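Visitor: Line order of the protein sequences matches chains A and B.
Under my numbering, residues 1 to 438 are what the first sequence spells out, in order.
Under my numbering, residues 1001 to 1401 are what the second sequence spells out, in order.
C-beta atoms are modelled at their ideal positions from N, C-alpha and C, and glycine is treated no differently.
Note that the coordinates shown come from a computational prediction; the quantities given were computed from them, not determined experimentally.
Before I ask anything, let me first share the structure, which is written out below as structure tokens.
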Amino acid sequence: MTTTPTHITRPREVDTEAAKDDSQLRQKQMISGHFDKLATAKEDGRAVAYTFVPGNLTELMLALDMLPVLPEINALQSGMRKLSGNYITEAEKLGHSEDVCTYVKCDIGMMKSGNIGPTGTKLPDPNILLLSYTGCFTFMKWFELLKQEYNCPVAMLHVPYQGDGHITPEMRTYVIEQLEREVIPALEKAAGKKLDLDRLSELLERSRKAEDDLVAVWESAQNTPSPIDGYFGGVYYIGPIFSAFRGTQDACDYYAMLRREVEQRVKDGKGPVTPDGDAPEEKYRLVVEGPPNWTNFFDFWRMFSREGATVVSSTYTRVGGLYDTGFRHDPKDPIGTLADYCLGCYTNLNLPMRTKLLASYIEKYKADGFLINSVKSCNSFSAGQLLMLRELERKTGVPGGFIESDLVDPRYFGKANIENRVQSYLQMLEARKSRASA
Amino acid sequence: MTEQEAENTTNDPASAVLARARHFVDDLTLTEVVRWKQDHPGRLAVGYMPIYVPRPMLEGIGCLPVAMFGGGDQVDIIKGDSFYQSYICHIPRSTLELALNGSLDSLDGVLFPSICDVIRNLSGMWQMLFPEKYASYVDLPQNFDPELGGKFYVNDMARILRDLTARGAWQYDADKMRAAIKAENSRRAALQELDTLRVKEPFRVRASEAYLVARAGGLLEAAVHEKLVREFVAAARERAPRVYDNVRVLVRGSFCEQPPLGLIKTLEAAGCDIVDDDFQLGLRYIEGDIECGPSDDPMRAIAMAFLRRGQATASRYIADEEKGAALVKSVREVEAEGVIFAAASFCDPALLDQPMLETALDRAKIPHTSLKFAENTGQFQVIREQAGAFSDAVKLWGSAA
Ligand code: SF4
Ligand code: SF4
């Protein structure tokens, strides 16, 4: 699952106000720089690894001078660029079931259509498929499928699930030993060089700094009004850290800059930036569970922003790392910390933990309500969400809303229906507020 | 029952044992488990979801392993649907329905093996809905190195043993565990005999019968099930052979949510001898014996069997072997003429696997067709037509080849 619209050139329909943020410009440069490097990777003799966002081993790849490509991000970006519908159709024509995750089909369709990246150049084929994944079985199938297409090795990292609500020493050891004995040697072979642990530690030190700043940005939403939207806006904030940049100086600079901007907004008493510029007065504070829809991302966002609803926190923005419960990459234990990171991503938590985390967000960010966007594609997220809804309402006394859409399959975004549901939900919150203040 | 079926039943030496098997399969309220607990006071019954958990590990500490395969087409879903969106398969709904209406009360705990995100998440739902019951996720290793995945698996089994012992199961005893492994191996051998007979003489054993006989073992101790299987095999050998002009097919994709019996019979009626399938894969998951000598560590033996002899199926990462190679090999071994993919609607592992398996079959020039079902599907006409057309086509291709 997971994803961030990192590799997206900021769409024209976003207000220029937003595009003027220095941090946004910086992110854009970073992304286009990464695609430039990918375009010449083969000539430059740089190895390319395809890999996933949750449980990504970015620092490890960068320490070996490898360039990551993230098929999930390609898929979401195809969704935003309105290409995913055709890609999915293409994959279904090839025999992929209409019932399964549309990220996979979108990626396969894109590959079969020439694997053209957002900058219009063909993405390089992988030297290795780095199957490090957490929280979803589809990832495993996805790379089995890609392995059929590319003649390259696969390095697999099995990350155990926190089924009983915690990480045991045995789970941690299992991940560390796989990294040491199998994954790192396979990456070294693909990269043609040995891993330098000191270099890895330096990268991890920088990860830690960026993570501190990202958490400060998340937590700024405790202010009223919240200076950020922690879901729609939030997917931009996680871009660099969930993709190719964690551990780089660029990522440190980006997050420091973003933090300064957000702190300034707090000082100025401003709400978040929305597709229509600065948000109107904050009327509702929401927590959201589940991924966004990408094919109609801005329509979806506006259904909230135009009504003065700000998402103060979301779980989707934690799929590539759950930093606000305290985890930071630890440069002193470079391999162990990678294991801890992988084991701790959001969808690797069991359902009681996910419910508890959401309840803590509702409380911490003083939310008026919470909303679940249940996506058809993703059983990892969706199976069990109806029980989470009931449990959360019972535990917190805060009303929940439930909508259904999909990630990148435009056939499953019923705009009018979703808009109706969102509006009725917000009206219900409004009525509650009026009753409370009466 | 048709007149013909009634006559077959009267004359069929296997009818009594089949009726018994059917009783176990239909026992959705687990009356047999209740009886077993009465006969074995103080011992635990532990349910588990598909596909596979190491049953001898449970029997070795005195527990009765109980396979949970949902409610089939026999349970009205009243509460279960309210837990799931329309795009999620059926088995978790009927399983929750059974749990919520008290049918599974005799289970002291449930294990949720790693097969897909739905069952994985169901483990957490169970913990939330039934906090007084033991519910644990079993993360079977996807790394098949004995020192990595093997070690992890042994540790994980030790955790489950500790948990169950704390709830009243026997203390771990290596000899008892070895005895349980031996009993499991004997049951496995009996199932192998059944499968061999079906392959050699499908006119003596229909797939729908083999299905009942195998699935009955879901709530029986290995030794008891072994007897039932052997009794059926002996009876089936006594049957007067009737040879039909059917095509030999394999069915794949039904390892978790089970097709209704009517669907299996429909395929048979459409001219297919299903000579191999994955309906009850869990009981056959280990290919051959779990090798465990008198001085071997039984837990390591169970782990090694999983690593080395576990069947290639959708929930298992296929590391080095070519995807679909195992299926092609099975087709050759049982001399099948085609493959029917029958997956539960919205079953991620089966449906994601299918295109890769189809590619492998295409390469090997093995005909195939696919259909989807839900455990409570009641209409089979379309399936009958599709399977009929497929078997006709296979016959034609076969004669043309
Ligand atoms: S099922 Fe969900 S988590 Fe898995 S790849 Fe698809 S969208 Fe991602
Ligand atoms: S039928 Fe498939 S998707 Fe559903 S629980 Fe079973 S394996 Fe998972």
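1) Mark residue 1196 of chain B as exposed unless 16 or more other C-beta atoms lie within 10 angstroms of its C-beta, in which case mark it buried.
2) Tell me which residues share the same chain as residue 394 of chain A and place their Cβ nearer than 8 Å to its Cβ, disregarding the 5 neighbours each side in the sequence.
3) How about residue 300 of chain A: is its C-beta nearer than 8 Å to some C-beta of chain D?
4) The alpha helix (DSSP H) spanning residue 1282 of chain B covers which residue range?
5) Cβ of residue 966 of chain B versus every heavy atom of ligand 1: is any distance shorter than 7 Å?
6) Mapping DSSP to helix, strand and coil, what is residue 430 of chain A?
7) Bridge partners of residue 162 of chain A, per DSSP?
8) For a test of your reading of the model: does the CB of residue 416 of chain A fall under 7 Å from any non-hydrogen atom of ligand 2? Yes or no.
9) Residue 1186 of chain B and residue 1226 of chain B look like a contact to me (Cβ under 8 Å); what is the Cβ gap, rounded to whole Å?
10) Alpha carbon to alpha carbon, how far is residue 1242 of chain B from residue 1006 of chain B? Give it in angstroms, no decimals.
11) Measure from the alpha carbon of residue 1287 of chain B to the alpha carbon of each residue in B/1244, B/1295, B/1274 and B/1302, then state which is nearest.
12) In chain order, which alpha helix (DSSP H) runs of at least 4 residues are fully inside the region 294–325 of chain A?
13) Within the 8 Å Cβ cut-off, does residue 1254 of chain B reach chain A?
14) Would you check if the distance between the CB atom of residue 157 of chain A and the CB atom of residue 323 of chain A is smaller than 8 Å?
15) Determine, using beta carbons only, whether residue 1375 of chain B and residue 1202 of chain B come nearer to each other than 8 Å.
16) Whole angstroms is fine: what's the gap from residue 430 of chain A's alpha carbon to residue 269 of chain A's?
17) Determine the direct distance from the alpha carbon of residue 350 of chain A to that of residue 162 of chain A, and round the result to whole angstroms.
18) Considering only residues of the region 27–73 of chain A, which uninterrupted alpha helix (DSSP H) runs meet the minimum length of 4 residues and lie entirely inside it, listed in chain order?
19) Please state the DSSP three-state secondary structure of residue 374 of chain A.
20) Just how far apart, CA to CA, sit residue 89 of chain A and residue 1194 of chain B?
21) So is residue 1108 of chain B in contact with chain A if we call contact Cβ pairs under 8 Å?
22) Buried or exposed for residue 1078 of chain B, please, with buried defined as at least 16 other CB atoms from any protein chain shown within 10 angstroms of its CB.
23) Using a Cβ-Cβ distance cut-off of 8 Å, determine whether residue 174 of chain A contacts chain B.
24) Taking any Cβ of chain B, which residues in the region 118–152 of chain A have a Cβ under 7 Å from it, in chain order?
25) Just mark residue 1023 of chain B as buried or exposed, buried being the case when its beta carbon has 16 or more other beta carbons within 10 Å.
26) Cα-Cα, which of A/239, A/43, A/367 and A/416 is closest to residue 321 of chain A?
27) Listed in chain order, which residues of the region 363–393 of chain A have Cβ atoms closer than 7 Å to some Cβ of chain B?
28) For the beta strand (DSSP E) containing residue 1051 of chain B, list its first residue and its last residue.
29) Buried or exposed for residue 1211 of chain B, please, with buried defined as at least 16 other CB atoms from any protein chain shown within 10 angstroms of its CB.
30) Is residue 1077 of chain B near ligand 2, judged by its Cβ being under 7 Å from some heavy atom?
31) Starting from residue 1367 of chain B, trace the beta strand (DSSP E) in both directions and tell me its first and last residue.
32) Along chain A, which residues have their Cβ under 8 Å away from the Cβ of residue 1101 of chain B?
33) Just curious, the alpha helix (DSSP H) that residue 1179 of chain B is in, first and last residue?
34) Are the Cβ atoms of residue 1100 of chain B and residue 1071 of chain B separated by less than 8 Å?
35) I'd like to know whether the C-beta atoms of residue 1174 of chain B and residue 1054 of chain B end up nearer to each other than 8 Å.
36) Going by DSSP, what residues sit across from residue 1248 of chain B in a beta bridge?
Guide: In this structure, then:
1) One-based indexing of the second sequence puts residue 1196 of chain B at position 196. That one is exposed.
2) Taking the first residue of the first sequence as position 1, residue 394 of chain A is located at position 394. No residues qualify anywhere along the chain.
3) Although the question refers to chain D, the structure presented lacks it and instead comprises the protein chains A and B.
4) By 1-based counting over the second sequence, the position of residue 1282 of chain B is 282. 1281–1284 is the extent of the alpha helix (DSSP H) around residue 1282 of chain B.
5) With chain B covering 1001 to 1401 only, the question about residue 966 of chain B has no answer from this structure.
6) As a position in the first sequence, residue 430 of chain A is number 430, starting the count at 1. Looking at residue 430 of chain A - three-state DSSP - the assignment turns out to be helix.
7) In the first sequence, the residue the question calls residue 162 of chain A occupies position 162. The beta-bridge partner set that DSSP reports for residue 162 of chain A consists of A/349.
8) Here the question's residue 416 of chain A lines up with position 416 in the first sequence. Answer for residue 416 of chain A: no, Cβ out of range of ligand 2.
9) Mapped onto the second sequence, residue 1186 of chain B falls at position 186. Mapped onto the second sequence, residue 1226 of chain B falls at position 226. Indeed, because the Cβ distance is near 5 Å, the residues count as touching under 8 Å.
10) In the second sequence, residue 1006 of chain B corresponds to position 6, counting from 1. In the second sequence, residue 1242 of chain B corresponds to position 242, counting from 1. The pLDDT assigned to residue 1006 of chain B is 49, lower than 50, so where the model puts this residue is not dependable, and the model offers no usable value.
11) The residue you call residue 1287 of chain B lines up with position 287 of the second sequence. Measuring from the Cα of residue 1287 of chain B, the nearest candidate turns out to be B/1302.
12) Counting only runs of 4 or more, we get 297–305.
13) Mapped onto the second sequence, residue 1254 of chain B falls at position 254. It does not: the Cβ of residue 1254 of chain B has no partner Cβ on chain A nearer than 8 Å.
14) Locating residue 157 of chain A in the first sequence gives position 157, counting from the first residue. Locating residue 323 of chain A in the first sequence gives position 323, counting from the first residue. For residue 157 of chain A and residue 323 of chain A, no; Cβs fall outside 8 Å.
15) Here residue 1375 of chain B corresponds to residue number 375 of the second sequence, with the count starting at 1. Here residue 1202 of chain B corresponds to residue number 202 of the second sequence, with the count starting at 1. Not in contact: residue 1375 of chain B and residue 1202 of chain B (Cβ atoms no closer than 8 Å).
16) For the purposes of this step, residue 430 of chain A is identified with residue 430 of the first sequence, where counting begins at 1. For the purposes of this step, residue 269 of chain A is identified with residue 269 of the first sequence, where counting begins at 1. Each residue's alpha carbon lies about 23 Å from the other.
17) As a first step, residue 162 of chain A must be located in the first sequence, where it is residue number 162. As a first step, residue 350 of chain A must be located in the first sequence, where it is residue number 350. In a straight line, the C-alpha of residue 162 of chain A is about 6 Å away from that of residue 350 of chain A.
18) Runs found: 41–44 and 58–63.
19) Counted from its first residue, the first sequence places residue 374 of chain A at position 374. When DSSP states are grouped into helix, strand and coil, residue 374 of chain A belongs to the strand group.
20) In the first sequence, the residue the question calls residue 89 of chain A occupies position 89. In the second sequence, the residue the question calls residue 1194 of chain B occupies position 194. Residue 89 of chain A and residue 1194 of chain B have their C-alpha atoms some 43 Å from each other.
21) Locating residue 1108 of chain B in the second sequence gives position 108, where the first residue counts as 1. Output row for residue 1108 of chain B: interface = no.
22) Residue mapping note: residue 1078 of chain B aligns to position 78 of the second sequence, counting from 1. Answer is exposed; the Cβ neighbour count stays below 16.
23) Along the first sequence, one-based indexing puts residue 174 of chain A at 174. Chain B contact via Cβ: present.
24) Those would be 136, 137, 138, 140, 141, 144, 145 and 148, in chain order.
25) In the second sequence, the residue the question calls residue 1023 of chain B occupies position 23. Classification for residue 1023 of chain B: exposed.
26) Here residue 321 of chain A corresponds to residue number 321 of the first sequence, with the count starting at 1. Looking at A/239, A/43, A/367 and A/416, the one whose alpha-carbon comes closest to that of residue 321 of chain A is A/239.
27) Correct list: 374, 376, 379, 380, 382, 383, 384, 386, 387 and 391.
28) Residue 1051 of chain B sits at position 51 when you count from the first residue of the second sequence. Following the DSSP letters along the chain, one finds residue 1051 of chain B in no beta strand (DSSP E), marked with neither H nor E.
29) The residue you call residue 1211 of chain B lines up with position 211 of the second sequence. Around the Cβ of residue 1211 of chain B, a 10 Å sphere holds 16 or more other Cβ atoms; the residue is buried.
30) Along the second sequence, read from residue 1 onward, the residue named residue 1077 of chain B stands at position 77. It does not: the Cβ of residue 1077 of chain B is nowhere closer than 7 Å to a heavy atom of ligand 2.
31) Numbered from its first residue, the second sequence carries residue 1367 of chain B at position 367. Looking at the DSSP string, residue 1367 of chain B is not in any beta strand (DSSP E), and its letter there is neither H nor E.
32) Your numbering for residue 1101 of chain B matches position 101 in the second sequence. Result: empty, since nearest Cβ-Cβ is about 17 Å, beyond 8 Å.
33) The count along the second sequence starts at 1 and reaches residue 1179 of chain B at position 179. 1174–1200 is the extent of the alpha helix (DSSP H) around residue 1179 of chain B.
34) Locating residue 1100 of chain B in the second sequence gives position 100, counting from the first residue. Locating residue 1071 of chain B in the second sequence gives position 71, counting from the first residue. Residue 1100 of chain B is not a Cβ neighbour of residue 1071 of chain B, given a cutoff of 8 Å.
35) Residue 1174 of chain B sits at position 174 when you count from the first residue of the second sequence. Residue 1054 of chain B sits at position 54 when you count from the first residue of the second sequence. In this structure, residue 1174 of chain B lies away from residue 1054 of chain B, with their beta-carbon atoms at least 8 Å apart.
36) Within the second sequence, residue 1248 of chain B is the residue found at index 248, counting from 1. Looking at the DSSP assignment, residue 1248 of chain B forms a beta bridge with B/1273.
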